[in-house]
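Visitor: Using UniProt numbering, the letters of the sequence shown map in sequence onto residues 1 to 463. Glycine is no exception: its CB is placed at the ideal position from the N, C-alpha and C atoms.
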Amino acid sequence: MAAQSLRITEYDEADTVTATYVQSQGKSQGLSRVDVIPPKDLKSLADTAWNRAVDVFLPVGYPHSVSDDYLEYQIYDSLQAFSSSIAALLSSRAVLSSVGVGDSTASPTAAIILSIIQDSMGRMATILFAHRFGTSLEPECKMYRLLADVLNDAGFVLDCLSPVFPKPIRVAVLSLSSVLRSLCGVAAGSSKASLSAHFAKQGNLGELNAKDSSQETVISLVGMMAGSLVISWITTPIATWTALILLLSIHLETNRRAVRAVKMRTLTRQRATLVYHQLQQNKIPTPDLIASQEWIFERDGVLRNAKAEGLGFCAIGVPLARLLNSIGEQHNQTKSSSLASEKLTQILNLYQSSAFILWSDKSSGPRRNSLFIVVKKNAVSRDLILAWWQALIFAEGDSSASSQDAKVGDFDRLLKLFSGSLDTAKELLGKHEPKLKEAGWNLELGAIQTMAGTTVAIEHAQE
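#1: Given a cut-off of 9 Å, decide if L371 and A355 are closer than it, judged by their beta-carbon atoms.
#2: Closest to D383 by C-alpha separation, out of F156, L79, D410 and L445, would be which residue?
#3: Run through DSSP, which three-state label would Q449 get?
#4: For L244 and T266, I'd like the C-alpha separation in whole angstroms.
#5: Report the three-state DSSP secondary structure of R181 (helix, strand or coil).
#6: Could you pull the start and end residues of the beta strand (DSSP E) that K376 belongs to?
#7: Give the DSSP-derived three-state secondary structure of R145 in the structure shown.
#8: Using the C-alpha atoms, what's the distance from N378 back to Q449?
#9: Under the three-state reduction of DSSP, which class applies to residue 468: helix, strand or coil?
#10: Let me know the alpha helix (DSSP H) ranges lying completely inside the stretch 169–243, each 4 residues or longer, listed in chain order.
#11: Using the Cβ count rule (16 or more neighbours within 10 Å means buried), how would you classify F313?
#12: So V60 is in the beta strand (DSSP E); what residue range does that whole segment cover?
#13: How would you write the range of the alpha helix (DSSP H) that I327 sits in, first residue to last?
#14: Going by alpha carbons, who is nearest to residue 479 out of W295, R7 and L31?
#15: What are the residues that DSSP puts in a beta bridge with N442?
#16: To which residues does DSSP link R33 through a beta bridge?
#17: List the residues that DSSP assigns as beta-bridge partners of L358.
#18: Whose C-beta lies closer than 8 Å to the C-beta of S136 among residues of the same chain, with five residues either side of it excluded?
#19: Does the Cβ of N152 have 16 or more other Cβ atoms within 10 Å, making it buried, or fewer, making it exposed?
#20: Note the first and the last residue of the continuous beta strand (DSSP E) segment covering G122.
#21: Since R181 contacts G206 with CB under 8 Å, what's their CB separation in whole angstroms?
#22: Determine the extent of the alpha helix (DSSP H) in which A81 is found, giving its start and end residues.
#23: Mark F411 as exposed unless 16 or more other C-beta atoms lie within 10 angstroms of its C-beta, in which case mark it buried.
#24: Would you mind reading off the limits of the alpha helix (DSSP H) that contains L344?
#25: Have a look at Q270, V230 and Q280 and flag the residue whose alpha-carbon is nearest the alpha-carbon of P287.
#26: Classify L348: buried if its beta carbon has 16 or more other beta carbons within 10 angstroms, exposed otherwise.
#27: Can you give me the C-alpha to C-alpha distance between N255 and D149, rounded to a whole angstrom?
#28: What first and last residue would you give for the beta strand (DSSP E) that runs through T9?
#29: Pick helix, strand or coil for V54, following the three-state DSSP scheme.
#30: Are I393 and T345 touching if we call contact CB-CB under 9 Å?
#31: Cutting at 8 Å between CB atoms, please list the residues of its own chain near F57, excluding the five before and the five after it.
#32: Using a Cβ-Cβ cutoff of less than 6 Å, which residues in the same chain neighbour S84 once the five nearest sequence positions on both sides are dropped?
#33: Between S417 and A125, what straight-line distance do the alpha-carbon atoms span, to the nearest angstrom?
#34: Does V408 pass the burial test, meaning 16 or more other C-beta atoms within 10 Å, or should it be called exposed?
#35: In chain order, what residues of the same chain lie with their CB nearer than 6 Å to the CB of V34, ignoring the 5 residues before and after it?
#36: Would G203 be called buried (16 or more neighbouring beta carbons within 10 Å of its own) or exposed?
Below is the structure:
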């Protein structure tokens, strides 16, 4: 039996051909020859050295191991880190002046006490911020990534302002600056972890974070070297403030561009709204399109129409008491509610097969909708997307009604609107869900509910 010829191609982590092995039959029986063919685009020694140097700071397998928006984000992120490093040196010089460096009357003990006050207030702020906003840091990572640097830059400004204040006020200013930087640390750390999880495509989150730390180390080192020259040249207050404003402007703009470059694949409430309006036009939006349309800062829970006009607000994960109060009356002392039992029964029957209950407050009206979603215990991300789209459909339909129509048969009118909007939302999601997944959207990862809420389990007791 004649031996078969083999051709084996070898690849590196970046899916680049490194060598090709070709087996051919030798002249002697039972022997074969294997030739090693180098790649056609064999690079020069200088190019190879450059690539190896760059590979130190890039994830293994780049660009196939990360998402398409990774490089643009990292470029702007490096630029913002560079400008921030220089601004931090100007800020540090102002702080040293505030604590008494160069002042013969300054006390080392006072400087230590000031440091303790700053550190204590910063730690307390960290705990409170994490408790209040911890659940929203991952879904709204783009917003908190930019907010972190806004807080950090505000701290720089306060540091540079501190020398002009009297000593008692100076302590408060420096303490507030420490609080802002602590909030920046929480927001930046959590949001960057979420962004890294978005960039990682091959389970390489740990390596991605390690390479990101390497990049930050180099950029910070270069920034400090450049900053040492800047602070030696800039000594007057006018020059200091001019340089600081310029650096902070560059810092915020490059950070804004970095965040804008990220194309998240999960649906927050804002992205779900934009996707809904695209689907209403029979268009399947991609994450790239929605990323170009979404705002970095958006009001929490706002409902908007296709023209970005506000239609009202919707809260998610509210207690059941809010539903009871909207269709009945609450007793101030006992906190119990009096209501017509048939109203509650009709609402529960409407949402019997749904994992949520959407209803409106008594204060709600056309163009000022105040809606809320009671989440059932078995609800998943898809259910919350459905609930949010129903809220948008209801708000659009209710906003087109006249104020006179809103007063006639109020409960029956609301029940009919909620029933129709629920059917429309189910039809819309059922029709386009497969296409949305094909377009790159992750509908399984929850990002609609950003704050900790309550869930309910409904049991029908036997009489």
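Guide: Working from what's here:
#1: On the sequence shown, position 355 is the one that residue 355 refers to. On the sequence shown, position 371 is the one that residue 371 refers to. No, these two residues do not count as a Cβ contact at 9 Å.
#2: Start at 1 with the first residue of the sequence shown, and residue 383 comes out as number 383. Closest option to D383, Cα to Cα, is L445.
#3: Start at 1 with the first residue of the sequence shown, and residue 449 comes out as number 449. Note: Q449 maps to coil in three-state DSSP.
#4: Numbered from 1 along the sequence shown, position 244 holds the residue referred to as residue 244. Numbered from 1 along the sequence shown, position 266 holds the residue referred to as residue 266. One C-alpha to the other measures close to 37 Å.
#5: The residue you call residue 181 lines up with position 181 of the sequence shown. Here R181 sits in helix by DSSP.
#6: As a first step, residue 376 must be located in the sequence shown, where it is residue number 376. Taken as a continuous stretch (DSSP letters only), the beta strand (DSSP E) holding K376 covers N369 to K376.
#7: Here residue 145 refers to the residue found at position 145 when the sequence shown is read from its first residue. Note: R145 maps to helix in three-state DSSP.
#8: Indexing the sequence shown from 1 puts residue 449 at position 449. Indexing the sequence shown from 1 puts residue 378 at position 378. In a straight line, the C-alpha of Q449 is about 14 Å away from that of N378.
#9: For the chain, the structure presents residues 1 to 463; residue 468 sits outside this window and is missing.
#10: 205–233
#11: Along the sequence shown, one-based indexing puts residue 313 at 313. F313 is buried by the Cβ-count criterion.
#12: Taking the sequence shown and counting its residues from 1, the one referred to as residue 60 is at position 60. Segment: none, V60 is in no beta strand (DSSP E) and carries neither H nor E.
#13: Residue mapping note: residue 327 aligns to position 327 of the sequence shown, counting from 1. From DSSP, the alpha helix (DSSP H) with I327 extends over L320 to I327.
#14: Any property of residue 479 remains undetermined from this structure, which presents the chain solely from 1 to 463.
#15: Numbered from its first residue, the sequence shown carries residue 442 at position 442. In the DSSP output, where bridge partners are listed per residue, N442 has T266.
#16: On the sequence shown, position 33 is the one that residue 33 refers to. DSSP output for R33 lists S24 as bridge partner(s).
#17: Position 358 of the sequence shown holds residue 358. DSSP, once it has assigned bridges, lists I373 as partnering L358.
#18: The residue given as residue 136 occupies position 136 in the sequence shown. Cβ neighbours of S136 beyond the five flanking positions: Y144, T450 and M451.
#19: Counted from its first residue, the sequence shown places residue 152 at position 152. Result: buried.
#20: As a working note, residue 122 is residue 122 in the sequence shown. Where G122 is concerned, there is no enclosing beta strand (DSSP E), although the alpha helix (DSSP H) it sits in stretches over P108 to F133.
#21: Start at 1 with the first residue of the sequence shown, and residue 181 comes out as number 181. Start at 1 with the first residue of the sequence shown, and residue 206 comes out as number 206. Not really, about 27 Å apart at Cβ, beyond 8 Å.
#22: For the purposes of this step, residue 81 is identified with residue 81 of the sequence shown, where counting begins at 1. Segment Y70 to S98, the alpha helix (DSSP H) holding A81.
#23: In the sequence shown, the residue the question calls residue 411 occupies position 411. By the 10 Å Cβ count, F411 comes out exposed.
#24: Counting from one through the sequence shown, the residue named residue 344 turns up at place 344. From DSSP, the alpha helix (DSSP H) with L344 extends over S341 to L350.
#25: Within the sequence shown, the letter at position 287 stands for residue 287. The option with the nearest alpha carbon to P287 is Q270.
#26: In the sequence shown, the residue the question calls residue 348 occupies position 348. L348 is exposed by the Cβ-count criterion.
#27: On the sequence shown, residue 255 is found 255 positions in, with the first residue counted as 1. On the sequence shown, residue 149 is found 149 positions in, with the first residue counted as 1. Distance between the alpha carbons of N255 and D149: 8 Å.
#28: Mapped onto the sequence shown, residue 9 falls at position 9. That run of the beta strand (DSSP E) goes R7 to Y11.
#29: Counting from one through the sequence shown, the residue named residue 54 turns up at place 54. Correct three-state label for V54: helix.
#30: Here the question's residue 393 lines up with position 393 in the sequence shown. Here the question's residue 345 lines up with position 345 in the sequence shown. Taking 9 Å as the Cβ cut-off, I393 and T345 do not qualify as a contacting pair.
#31: Position 57 of the sequence shown, counting from 1, holds the residue named residue 57. If we look at F57 and ignore the five residues flanking it on each side, its Cβ neighbours are K211, S214, Q215 and V218.
#32: As a position in the sequence shown, residue 84 is number 84, starting the count at 1. The answer, listed in chain order, is H251.
#33: As a first step, residue 417 must be located in the sequence shown, where it is residue number 417. As a first step, residue 125 must be located in the sequence shown, where it is residue number 125. For the record, residue 417 in the displayed sequence is Leu; it is not Ser. Using only the alpha carbons, I get a separation of about 44 Å.
#34: Along the sequence shown, read from residue 1 onward, the residue named residue 408 stands at position 408. In this predicted model, V408 has a pLDDT of only 45, less than 50, meaning its place in the structure is not dependable; the value taken from the coordinates is given anyway. V408 is exposed by the Cβ-count criterion.
#35: Within the sequence shown, numbered from 1, the residue matching residue 34 stands at position 34. Taken in chain order, the residues that qualify are Y21 and Q23.
#36: The sequence position of residue 203 within the sequence shown is 203, counting from 1. Classification for G203: exposed.
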